[in-house]
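K.L.:
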Amino acid sequence: MAEVVIVENAAAAGELVAAEIVELIDRRADAVLGLATGSTPLPVYQALRTRLAGRDVSQVRGFALDEYVGLDPAHAESYRSVITRDVVEPLGLDPRRIHVPNGAAETIQHAGDDYETAIEVAGGVDLQILGIGTDGHIGFNEPGSSFASRTRVKTLTEQTREDNARFFDSIDDVPRHCITQGLGTILRARHLVLLAFGEGKAQAVADAVEGPLAAILPGSAIQLHPHATVVVDEAAASRLKLADYYRYTFANKPAWQGI
Ligand code: F6R
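Take the sequence shown: its position 72, counting from 1, is numbered 69 in the numbering used here, and each next residue is one higher.
#1: May I ask you to check if the CB of E152 is nearer than 7 Å to at least one heavy atom of the ligand F6R?
#2: Check whether the stretch 161 to 178 and the stretch 135 to 153 are in contact - that is, three or more C-beta pairs closer than 8 Å.
#3: Can you grab the Cα-Cα spacing for the pair Q43 / A193, in whole Å?
#4: So is the beta-carbon of A(-1) under 7 Å away from any non-hydrogen atom of the ligand HEM?
#5: Grab the span of the beta strand (DSSP E) containing I176 for me, first residue to last.
#6: Alpha carbon to alpha carbon, how far is L68 from N161?
#7: Can you tell me whether K250 is helix, strand or coil according to DSSP?
#8: Between the Cα of I18 and the Cα atoms of A7, E74, L62 and V54, which residue gives the shortest distance?
#9: Taking only heavy atoms of the ligand F6R into account, decide whether any of them is closer than 7 Å to the Cβ of T37.
#10: Grouping DSSP H, G and I as helix and E and B as strand, with all else coil, what is G31?
#11: Report the option in E12, V122 and F137 whose CA atom is closest to the CA atom of I129.
#12: Going by the beta-carbon positions, is the gap between A203 and R244 smaller than 8 Å?
#13: At 3 residues or longer, and completely inside the stretch 142 to 184: list those beta strand (DSSP E) runs for me, N to C.
#14: With a threshold of 16 other CB atoms inside 10 Å of the CB of H134, please say whether the residue is buried or exposed.
#15: Excluding the 5 residues flanking H188 on each side, which residues of the same chain have their C-beta closer than 6 Å to its C-beta?
#16: Mind pulling the beta strand (DSSP E) runs of 3 or more residues that sit fully within the stretch 187 to 234?
#17: At a cut-off of 7 Å, is L262 close to the ligand F6R when judged by its beta-carbon and the heavy atoms of the ligand?
#18: Can A33 and I126 be called in contact, C-beta distance under 8 Å?
#19: Any heavy atom of the ligand F6R closer than 7 Å to the CB of F137?
Structural data, given as structure tokens:
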């Protein structure tokens, strides 16, 4: 089962996960990070600004989870732009080492395979940061996605388009298609760290951590992973049946273990 860590707030989650990432980079200068976009990982990227300041991060590599199809990469809300703005520039990473799936319509037929190859050539992802959608998606693997899926084009649910409309002028501007790492791709990362904050994510978190393994609950795929950590605030943890046990386990965790 995933290890669940219930923290006071998003900032505390950011510090906890950033500390783990710094430790990873100290162990391995060319660590491969799996990067999520959206609001959830921002406290991690924020905490990394301070924790990585003055360190050599020139070798660090990264792979984003997903990208919209057909959105100009120069658009402010393309995930290429978001990753550049929120991660590459503030952390001083080498942009040539940070990959985002190619959502260009002309090459979309082989963009998924190309991305899988690039991840494989890099030796796989060391630590994958994940958010979770209110409909339970991880990456953009909407309900019904195969647990064995690889990077490919998916159709966004109306719920996801509504959730993401806040980043665009109007919901009509939110693309209908995306290219996303598959659940099978995500499961090959060596460590999964899923974050979620707020009441709106409580059901998705409960389904992912304690629900049955089911394609209709894509987040439940994390139960198949040998090293998955779920970091949530109290509101996002509010529907977890075993919340007290998770608190007890974390409070009694050996200090050497990390997350
Ligand atoms: C983003 C991604 C998505 C988001 C999810 C939650 O790269 O793959 O799974 O993590 O939609 O979005 P926020 O964090 O904005 O609530």
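Yeah, the Cβ is synthetic: ideal placement off N, Cα and C, and Gly gets one too. Computed from a predicted structure; not experimentally measured.
P.N.:
In terms of the structure at hand:
#1: In the sequence shown, counting from the first residue as 1, residue 152 sits at position 155. According to the sequence provided, residue 152 is Thr. The question's Glu does not apply to it. Checking the Cβ of T152 against the ligand F6R gives no.
#2: yes
#3: Along the sequence shown, read from residue 1 onward, the residue named residue 43 stands at position 46. Along the sequence shown, read from residue 1 onward, the residue named residue 193 stands at position 196. Rounded to the nearest angstrom, the two C-alpha atoms are 16 Å apart.
#4: Absence of the ligand HEM from the depicted structure is noted, with the ligand F6R being the only ligands included.
#5: Position 179 of the sequence shown, counting from 1, holds the residue named residue 176. Where I176 is concerned, the enclosing beta strand (DSSP E) stretches over H174 to T177.
#6: As a position in the sequence shown, residue 68 is number 71, starting the count at 1. As a position in the sequence shown, residue 161 is number 164, starting the count at 1. The alpha-carbon atoms of L68 and N161 are separated by roughly 14 Å.
#7: Taking the first residue of the sequence shown as 1, we reach residue 250 at position 253. If DSSP states are grouped into helix, strand and coil, K250 belongs with coil.
#8: Position 21 of the sequence shown, counted from the first residue, corresponds to residue 18. Out of A7, E74, L62 and V54, V54 has the C-alpha closest to the C-alpha of I18.
#9: Within the sequence shown, residue 37 is the residue found at index 40, counting from 1. Yes, the ligand F6R has a heavy atom inside 7 Å of this Cβ.
#10: Here residue 31 refers to the residue found at position 34 when the sequence shown is read from its first residue. Here G31 sits in strand by DSSP.
#11: Taking the sequence shown and counting its residues from 1, the one referred to as residue 129 is at position 132. Cα-wise, what sits closest to I129 is F137.
#12: For the purposes of this step, residue 203 is taken as residue 206 along the sequence shown, with counting starting at 1. For the purposes of this step, residue 244 is taken as residue 247 along the sequence shown, with counting starting at 1. Contact flag unset, no.
#13: 149 to 152 and 174 to 177
#14: To locate residue 134, count along the sequence shown from 1; it is residue 137. Flag for H134 reads buried.
#15: As a position in the sequence shown, residue 188 is number 191, starting the count at 1. Contacts found: L124 and H224.
#16: 188 to 193 and 225 to 230
#17: Within the shown structure, residues of the chain are numbered from -2 to 256, placing residue 262 beyond reach of any answer.
#18: For this step, residue 33 is matched to residue 36 along the sequence shown. For this step, residue 126 is matched to residue 129 along the sequence shown. Going by C-beta atoms, A33 is nearer than 8 Å to I126.
#19: Taking the first residue of the sequence shown as position 1, residue 137 is located at position 140. Because some heavy atom of the ligand F6R lies under 7 Å away, the Cβ of F137 counts as near it: yes.
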